[in-house]
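Following: one structure in structure tokens, then a few remarks.
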Amino acid sequence: MASIPEIPTIDLRSYIQPDASPEQKATVVDEVRKACSQYGFLQVTGHGVPLATQREVLESCKSLFDLPQDRKNALSLKNNPARRGYERIGEQVLDAKALPDCKEGYYLGREVPLKQMGFLRGPNQWPDLPDEEFHAPISQYYEHMLRLGGSLLEMLALGLGHDVSVLEAFTEEPVVNLKLLHYPKHISEDPKQFGAGAHTDFGAITILLQQPGKHGLQVWHAPSDAWLPVSAVEDVFVINMGDLVHKWTDGRYSSTVHRVVNASGGDRYSVPCFYQGALSATNPFKPGDNTETVEQHIRRKFDMSYGLKAE
Ligand SMILES: O=C(O)CCC(=O)C(=O)O
Ligand SMILES: [Fe+2]
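Residue numbers (this note's numbering): 510 to 820.
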């Protein structure tokens, strides 16, 4: 029997380090290109996000989701036109053919004052937790995600034969959202119960931090007709292409279906970072393709997923 393939793990150090030579960079770009075209997924090390920050963010998840239910409900994203805030267990249904997701979540993004609020932009709903327990580590982590997201997009652009300057409009004031996630032990043993039902991600790219040892992410691999498990390993981020990159590359970099089965037998925390990009930008990989802006794309996806208007 053919062995089940693994999502490639790529060391980004020789791209990210300031004195990287063009040859070193080109090798990393090539590895990223291959992973994107074969799987739409990759794992990365040497990414420059301090391990201490990653650990603090996972601790922040626990502090938030340990709050009493009424305090979490008070932060509901339904109160917030920028869709920032708390989402109860079962509130999201990523796969309409499965049971509602067995997870609770909390969205946040760039802090934008109320008077400048717009689609996906606005103030966050911060929980009443000590600064060092939540706001400080999360804000620090957010800056790291912006930087890592920018570097990954550069690698994609280069791998597709472009100069990095094609990204200027897309990466200027981008919408980048974090979602803190808590998967409790599955409520039901129904085979249609998932932590997160099978889905693709809406945006450009996703950078996922998983709680080490709490496995559960599975990626659909059509050639093997199988779900590939992706282990949760400390200091390794999982990167995947979203629907925007899929559309922009005519499927060359696929937005691959994935799901979460929380097999850990207990709590599992994870933090996806959704890099959506500048709302007014159009396809950076095909200059002149102005068919849909990032904002139009995301509104369409939200309408489909939640069965309601995004605003
Ligand atoms: O929790 C995970 O490991 C993945 C979550 C995910 O795929 C998502 O939120 O889009
Ligand atoms: Fe996802």
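Backbone N, C-alpha and C fix where the C-beta goes; we use that ideal spot for every residue, glycine too.
Should residue i be labelled buried (16 or more other beta-carbon atoms within 10 Å of its own) or exposed?
i	result
Asn686	buried
Lys810	buried
Leu521	buried
Thr800	exposed
Glu663	buried
Thr554	exposed
Glu613	buried
Lys581	buried
Met654	buried
Ala645	exposed
Gly725	buried
Asn792	buried
Leu623	exposed
Ile513	exposed
Lys587	exposed
Glu596	buried
Ser763	buried
Ala544	buried
Glu820	Only weak support is given to the placement of Glu820: the predicted model assigns it a pLDDT of 35, under 50, and the value that follows is read from those uncertain coordinates. By the 10 Å Cβ count, Glu820 comes out exposed.
Glu532	exposed
Met813	exposed
Gly599	exposed
Glu681	exposed
Say yes only if the C-beta of residue i is nearer than 7 Å to one or more non-hydrogen atoms of ligand 2, and no if none qualify.
i	result
Asp710	yes
Pro781	yes
His691	no
His767	yes
Thr715	yes
To the nearest angstrom, how far is it from the Cα of residue i to the Cα of residue j?
i	j	result
Ser789	Ser697	42 Å
Ala607	Phe574	24 Å
Asp798	Ala678	14 Å
Leu576	Thr536	46 Å
Leu737	Arg542	20 Å
Gly706	Val602	7 Å
Leu690	Gln727	16 Å
Leu753	Ser523	27 Å
Gln563	Leu657	13 Å
Gln634	Arg619	11 Å
Glu641	Tyr616	19 Å
Ile647	Trp729	30 Å
Ala591	Val538	35 Å
Ala787	Arg630	11 Å
Pro639	Leu669	44 Å
Ser572	Leu676	37 Å
Val684	Asp672	22 Å
Ala666	Ser530	18 Å
Gly712	His755	10 Å
Leu817	Lys688	Caution applies to Leu817, whose pLDDT of 46 falls short of 50 and renders its modelled position unreliable; the value that the coordinates give is listed next. When rounded, the distance between both Cα atoms is 20 Å.
Glu594	Pro781	Note that residue 594 is Gly in the sequence shown, not Glu. Approximately 15 Å, taken between the alpha carbons.
Gln526	Lys534	9 Å
Leu560	Asp744	6 Å
Leu567	Ile714	21 Å
Pro632	Glu804	18 Å
Val621	Gln702	37 Å
Asp528	Ala735	41 Å
Within the present structure, is the beta-carbon of residue i separated from the nearest heavy atom of ligand 1 by less than 7 Å?
i	result
Thr800	no
Ala607	no
Ala827	Only positions 510 to 820 of the chain appear in the structure, and residue 827 is not among them; the question remains open.
Gly725	yes
Lys688	yes
Gln547	no
Gln719	yes
Report yes if the CB atom of residue i is closer than 8 Å to the CB atom of residue j, and no otherwise.
i	j	result
Phe550	Ile748	yes
Asn771	His708	no
Asp776	Gly704	no
Phe628	Pro636	no
Phe783	Asp710	yes
Val742	Pro721	yes
Ser779	Leu718	yes
Val766	Tyr692	no
Ile519	Tyr548	no
Arg761	Ser546	yes
Would the C-beta of residue i count as close to ligand 4, meaning under 7 Å from any of its heavy atoms?
i	result
Thr791	Absence of ligand 4 is noted for the structure shown, with ligand 1 and ligand 2 being the only ligands found.
Worksheet item: If you scan the region 666–720 from start to end, which runs of the alpha helix (DSSP H) of 4 or more residues do you find wholly inside it?
Response: 677–680
Practice prompt. Please list the segments of the alpha helix (DSSP H) lying wholly inside the region 510–565, counting only runs of 4 or more residues, in order along the chain.
Written response: List check, alpha helix (DSSP H) in window: 522–525 and 531–547.
Worksheet item: Which whole runs of the beta strand (DSSP E) in the region 729–773 are 3 residues long or more, in chain order?
Response: 735–739, 746–750 and 767–769
Practice prompt. Only counting runs of 3 or more residues, tell me where the beta strand (DSSP E) segments fall wholly within the region 580–642, in order along the chain.
Written response: As far as the region 580–642 is concerned, its whole beta strand (DSSP E) runs of at least 3 residues are 594–596 and 613–617.
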